[in-house]
Structure formats: structure tokens, C-alpha cells
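Residue numbers (our numbering): 615 to 798.
The beta-carbon is built from N, C-alpha and C at its ideal position, and this holds for glycine as well.
Structure first, then comments.
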């Protein structure tokens, strides 16, 4: 487990071990630093003991929102990053492009590849490319493994995709994105 807690030269999300910039709430996230120990400026954002716990919380939040009917990239990101605080339209377009998805396509089945890709996209959008590089693929994979069972009758979530399958799907997504870039 890795921690960037308190490293002042990093983006707020990374230095809080909260790369999704989840706002401070009463949710009892695993690995959450208690309110009395939270050192974030004005306690606006959650802090976690490790970067993996922060990624796990972000993904739990994403999965919960999808289960509650925020089942397109547009609906999901509008909930995650509301227009009163963010350029939500830009955020939606950025995430949809990185996931090679139509922003209004319904998300019915979530797997480890989707979770990996959306985590990477949100982390980069929230923290900038340079700071996002500090969050390794291993950090994200560990966070996905920490999710445990999150499926129910509303949404099937497969967190057990093998590394080989993950690599194949990531390669396919990358090739598709490059092809779209050159042929559009």
C-alpha cells in the first residue's frame, strides 16, 4: 500500500490519497482518515490512509451512482462532478473519449477493464497528467481487487478479469482510440 499523504508539492487529490477528489462526507469509507485527523484545507475533501483506499472509494462511488440510475457517462459524470462546481460538459466528453464510449450509451455490465479505464480517466482529469502518473496501474488494480463483490440484481460488476484479459482489452481500446484519431 502506498501513501502520498501531505506531500505539499502534489495535486490536492494525490496528496490526500483521494485521486477522485471525493468531497468530505459522513460515509465510513474503508481506509478513511477520521474527521478529527483530516488535514485537508477546510476539510473539503476526504483523506485516505493509502492511495489504494482512495481509488477504491472513488470506484465504489462510481458503482453506487450507476446502480442508482446514473447509468451513462453523461449522467454519471454530471452526478460525480456537478455543473455548479465543474465544467461538467468538458468532463463528460473527456471521460467518454478516453473510454471510447458514446456519453449517452447505457452502462449495463461493468468489469475490471471498465473500472480500470474510468479510474485512470477520472484520476487524470482531477489531478492533471503529471500528477496522475504517480498513480500506477498496480495501485488501480489493487483498488479494484479490494472492492470485493459489488454485483446485485441491478448491476453486474465483474472485478475478476485476469491481467491477460485486462491487457488485451486495454490494447484494443488504445488501438481503437488511435485509429479514430487518424481516420477522423
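Worksheet item: Taking three-plus beta-carbon pairs below 8 Å as touching, is the stretch 714-727 in contact with the stretch 736-754?
Response: no
Discussion item. Rounded to whole angstroms, what is the Cα-Cα separation between residue 642 and residue 649?
Written reply: 11 Å
Worksheet item: residue 636 and residue 668: beta carbons closer than 9 Å?
Response: yes
Worksheet entry | Beta bridge counterpart(s) of residue 659 as assigned by DSSP | 637
Worksheet item: Of the choices 682, 744, 756, whose alpha-carbon is the least far from that of residue 628?
Response: 744
Discussion item. Output needed for residue 630: all residues of its chain with C-beta closer than 6 Å, excluding positions within five of it in sequence on either side, in chain order.
Written reply: 654, 659, 661
Practice prompt. Below 8 Å on the Cβ atoms is my guess for residue 673 versus residue 757; work out the distance and round it to an integer in Å.
Written response: 6 Å
Worksheet item: Any idea what DSSP makes of residue 712, helix, strand or coil?
Response: helix
Worksheet item: Tell me, which residues are paired with residue 646 by DSSP?
Response: 662
Discussion item. Taking only three categories from DSSP, how would you classify residue 690?
Written reply: helix
Worksheet item: For the alpha helix (DSSP H) that residue 627 lies in, which residues bound it at each end?
Response: 626-629
Worksheet item: The alpha helix (DSSP H) spanning residue 615 covers which residue range?
Response: No alpha helix (DSSP H) contains residue 615, which DSSP labels as neither H nor E.
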